[in-house]
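Protein chains: 2
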Amino acid sequence: MSIERILDYAHTLMGRSIQTGDVVIDGTCGNGHDTTFLANHVGKEGHVYAFDIQQEAILNTQRRLNTQGLDQQTTLIYDSHAHIQKYLQNDHHGNIAAAIYNLGYLPGSDKSIITKPEGTIQSVESVLATLKKGGLVVLVVYHGHPGGSEEKDALMSYVTELDAKNYQVLYYGFINKKKTPPFILAIERLK
Amino acid sequence: MSIERILDYAHTLMGRSIQTGDVVIDGTCGNGHDTTFLANHVGKEGHVYAFDIQQEAILNTQRRLNTQGLDQQTTLIYDSHAHIQKYLQNDHHGNIAAAIYNLGYLPGSDKSIITKPEGTIQSVESVLATLKKGGLVVLVVYHGHPGGSEEKDALMSYVTELDAKNYQVLYYGFINKKKTPPFILAIERLK
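Here the protein sequences come in this chain order: A and B.
Residue numbers for the first sequence follow UniProt numbering, so the first one is 1 and each next one is one higher.
Residue numbers for the second sequence follow UniProt numbering, so the first one is 1 and each next one is one higher.
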């Protein structure tokens with residue numbers, strides 16, 4: 001297909017903005033797919049900070065990293081991504097190349113445990129503050145679950161108000177579906 | 001920059017869906033940039049039908065094609081893209097790989113000559129009817145000029161209603177600008 005699907009395009013964007021040795025963030029490690037993707041891309045000289053509020057997600061991701069020999073360059077953090085700033089090493093502040101979030105709930109898991117608008121926006125704000133020039137934040141927004149529409153609306157209000165001199169915000173999504181498919185918001189720091 | 005700009009991404013999408021020997025359509029040849037891009041991609045075994053309602057646009061494009069030796073595989077048509085069907089060779093019906101439109105006005109020219117919602121939708125409908133499976137229509141929508149917002153609204157209503165079983169419709173656009181930057185609607189035929 002000529003048009004990349006949502007998760008493929010999220011990885012295309014991340015891959016394009018990450019080089020070996022970079023420091024990156026996985027805001028929601030979930031089943032660890034993005035975490036391993038990132039750890040592979042930054043290599044042993046780089047670093048991945050991966051967050052989740054569900055122990056199950058942390059354990060799944062840990063297993064996946066172990067199997068692939070990627071734990072050395074990864075710090076798994078069993079806490080909300082809203083507290084990113086307090087976990088970063090000093091020399092990583094202001095030096096983040098990219099961050100990715102899957103917003104909504106952990107697929108295949110308890111749908112009552114969802115990301116919340118306040119925590120998400122607080123987290124995105126703190127990541128933007130520590131992003132390097134040219135750095136990228138990719139938000140994959142699932143919003144079909146209860147509470148999803150509120151998070152989506154809060155995020156849209158937040159990102160559309162970001163100063164166009166400093167950031168460009170892309171919307172990438174399929175708009176002719178009857179259901180509510182996920183879409184991407186990508187924020188690039190310009191200067 | 002990690003996120004491709006609008007015109008770059010339009011070409012990325014078109015490039016991905018076109019191969020040597022394909023038959024494609026430029027709905028609005030304008031200054032001929034897209035026409036030459038397409039003619040280069042399909043090569044001498046392929047064919048480009050390029051439309052414009054302004055003689056100036058046809059002449060500019062003709063010159064550009066001549067200079068680059070691309071006129072053999074191109075038919076320039078001084079008529080509205082709403083009449084696409086009547087210009088296609090019989091064996092090209094149902095065999096179109098891709099089409100691109102720049103909707104709005106010809107940059108650097110008379111802003112009172114604009115594409116109109118009815119003609120545009122009629123044209124997109126007839127292109128979709130003649131697109132091959134996996135084929136792609138890329139609409140670059142300029143909407144900051146008088147009449148632009150009406151055309152945008154009509155298009156959005158039209159594309160969001162396209163049956164998701166047969167087509168997927170992508171919105172690609174920057175959403176934190178104060179002005180009204182162009183955005184992309186891309187329609188891929190699935191079956």
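Cβ coordinates follow ideal geometry from the N, Cα and C atoms, glycine included.
Small disclaimer: the values here were computed from a predicted structure and weren't measured.
What are the residues that DSSP puts in a beta bridge with residue 99(B)? Residue numbering aside, residue 99(B) sits at position 99 when the second sequence is read from its first letter. According to DSSP, residue 99(B) bridges with 25(B), 137(B).
Which ranges does the alpha helix (DSSP H) cover as unbroken runs of at least 4 residues, wholly within the region 69-97 of chain B, from first to last along the chain? 84-87
Using three-state DSSP, classify residue 167(B) as helix, strand or coil. Along the second sequence, one-based indexing puts residue 167(B) at 167. It is a strand residue.
Where residue 155(A) falls: helix, strand or coil (DSSP): Here residue 155(A) refers to the residue found at position 155 of the first sequence. DSSP places residue 155(A) in helix when its eight states are reduced to three.
Thinking just about the alpha-carbon of each residue, which of 144(B), 134(B), 65(B), 60(B) is nearest to the one in residue 48(B)? Working through the second sequence from its first residue, we reach residue 48(B) at position 48. Out of 144(B), 134(B), 65(B), 60(B), 65(B) has the C-alpha closest to the C-alpha of residue 48(B).
DSSP state of residue 3(A), grouped into three classes? Within the first sequence, numbered from 1, the residue matching residue 3(A) stands at position 3. In this structure, residue 3(A) counts as coil in the three-state DSSP scheme.
Residue 177(B) versus chain A: which residues are under 7 Å apart at the beta carbon? In the second sequence, counting from the first residue as 1, residue 177(B) sits at position 177. Within chain A, the residues near residue 177(B) are 164.
I'd like to know if the region 17-31 of chain A and the region 41-57 of chain A are in contact, where contact means that at least 3 CB-CB pairs between them fall below 8 Å. yes
Please state whether DSSP places residue 144(A) in a helix, a strand or coil. As a working note, residue 144(A) is residue 144 in the first sequence. In the structure shown, residue 144(A) sits in coil (DSSP, three-state: anything other than H, G, I, E or B).
Please report the residue range of the alpha helix (DSSP H) in which residue 125(B) lies. Taking the second sequence and counting its residues from 1, one reaches residue 125(B) at position 125. Counting along the chain, the alpha helix (DSSP H) containing residue 125(B) begins and ends at 117-130.
Cβ separation of residue 127(A) and residue 58(A), assumed to be a contact under 8 Å, to the nearest whole Å: Reading the first sequence from its first residue, position 127 is the one you call residue 127(A). Reading the first sequence from its first residue, position 58 is the one you call residue 58(A). The Cβ separation is near 19 Å, so there is no contact.
Within 10 angstroms of the Cβ of residue 182(A), are there 16 or more other Cβ atoms? Answer buried if so, exposed if not. Within the first sequence, numbered from 1, the residue matching residue 182(A) stands at position 182. Result: buried.
Output, in chain order, the set of chain A residues within a Cβ distance shorter than 7 Å of residue 16(B). Counting from 1 along the second sequence, the entry for residue 16(B) is found at position 16. Here the neighbours are 2.
Interface residues of chain A around residue 159(B) at Cβ under 9 Å? What you label residue 159(B) is simply residue 159 of the second sequence in a count that begins at 1. What residue 159(B) touches in chain A: 175, 176.
Secondary structure of residue 45(A), DSSP reduced to three states: Working through the first sequence from its first residue, we reach residue 45(A) at position 45. Of the three classes helix, strand and coil, the one that applies to residue 45(A) here is coil, per DSSP.
Buried or exposed for residue 102(A), going by 16 or more other Cβ atoms inside 10 Å? Locating residue 102(A) in the first sequence gives position 102, where the first residue counts as 1. Classification for residue 102(A): buried.
Following the continuous alpha helix (DSSP H) through residue 188(B), name the residue where it begins and the one where it ends. Numbered from its first residue, the second sequence carries residue 188(B) at position 188. It is not in any alpha helix (DSSP H) - residue 188(B) instead sits in the beta strand (DSSP E) that spans 183-189.
Is there contact between the region 133-146 of chain A and the region 114-134 of chain B, where contact requires at least three CB pairs shorter than 8 Å? no
Count the other CB atoms within 10 Å of the CB of residue 32(B); is the residue buried (16 or more) or exposed (fewer)? In the second sequence, counting from the first residue as 1, residue 32(B) sits at position 32. Classification for residue 32(B): buried.
Return the Cβ separation of residue 169(B) and residue 175(A) in integer angstroms, given the expectation that the two are a contact with Cβ distance under 8 Å. On the second sequence, position 169 is the one that residue 169(B) refers to. On the first sequence, position 175 is the one that residue 175(A) refers to. About 5 Å; that satisfies the 8 Å criterion.
Alpha carbon to alpha carbon, how far is residue 120(B) from residue 187(A)? Give it in angstroms, no decimals. Taking the first sequence and counting its residues from 1, one reaches residue 187(A) at position 187. Taking the second sequence and counting its residues from 1, one reaches residue 120(B) at position 120. In a straight line, the C-alpha of residue 187(A) is about 32 Å away from that of residue 120(B).
Would you kindly work out how many angstroms separate the C-alpha atoms of residue 51(B) and residue 1(A), rounded to a whole number? What you label residue 51(B) is simply residue 51 of the second sequence in a count that begins at 1. What you label residue 1(A) is simply residue 1 of the first sequence in a count that begins at 1. About 27 Å.
Under 8 Å from the C-beta of residue 188(A): neighbouring residues of chain B: Sequence index remark: in the first sequence, residue 188(A) carries index 188 (1-based). Within 8 Å Cβ-Cβ: 1, 2, 3.
Within a Cβ cutoff of 6 Å, which residues of the same chain sit near residue 143(A), ignoring the five residues on either side of it in sequence? The count along the first sequence starts at 1 and reaches residue 143(A) at position 143. So the qualifying residues of the chain are 149, 152, 180.
Buried or exposed: residue 90(A), going by 16 or more other Cβ atoms within 10 Å of its Cβ? Taking the first sequence and counting its residues from 1, the one referred to as residue 90(A) is at position 90. Residue 90(A) should be labelled exposed.
Put residue 58(A) into one of helix, strand or coil per three-state DSSP. Reading the first sequence from its first residue, position 58 is the one you call residue 58(A). Looking at residue 58(A) - three-state DSSP - the assignment turns out to be helix.
Count the other C-beta atoms from every protein chain shown that fall within 10 angstroms of the C-beta of residue 172(B), then say buried if there are 16 or more, exposed otherwise. The count along the second sequence starts at 1 and reaches residue 172(B) at position 172. Label assigned to residue 172(B): buried.
Just checking my contact of residue 77(A) with residue 14(A) at CB under 8 Å: how many whole Å lie between their CB atoms? Residue mapping note: residue 77(A) aligns to position 77 of the first sequence, counting from 1. Residue mapping note: residue 14(A) aligns to position 14 of the first sequence, counting from 1. About 19 Å; that fails the 8 Å criterion.
When we look at the beta-carbon of residue 73(A) and count the other beta-carbons within 10 Å, is it buried (16 or more) or exposed? Here residue 73(A) refers to the residue found at position 73 of the first sequence. Buried.
DSSP state of residue 30(B), grouped into three classes? The residue labelled residue 30(B) in the question sits at position 30 within the second sequence. Note: residue 30(B) maps to coil in three-state DSSP.
Residue 167(A) versus chain B: which residues are under 7 Å apart at the beta carbon? The residue given as residue 167(A) occupies position 167 in the first sequence. Within chain B, the residues near residue 167(A) are 176.
Would you say residue 136(A) reaches chain B, if we count a Cβ-Cβ gap shorter than 8 Å as a contact? One-based indexing of the first sequence puts residue 136(A) at position 136. By this cut-off, residue 136(A) is an interface position.
Residue 87(A) at chain B interface by Cβ criterion, 8 Å: The residue given as residue 87(A) occupies position 87 in the first sequence. No, residue 87(A) lies away from the interface with chain B (no Cβ there is under 8 Å from its Cβ).
Look up residue 104(B) in the DSSP assignment and say whether it is helix, strand or coil. Here residue 104(B) refers to the residue found at position 104 of the second sequence. Three-state result, residue 104(B): coil.
Just to confirm before moving on: does the CB-CB distance between residue 145(A) and residue 96(A) stay below 8 Å? Along the first sequence, one-based indexing puts residue 145(A) at 145. Along the first sequence, one-based indexing puts residue 96(A) at 96. No.
List the residues of chain A whose Cβ lies closer than 8 Å to the Cβ of residue 13(B), in chain order. Your numbering for residue 13(B) matches position 13 in the second sequence. Under the 8 Å cutoff, chain A gives 2, 3.
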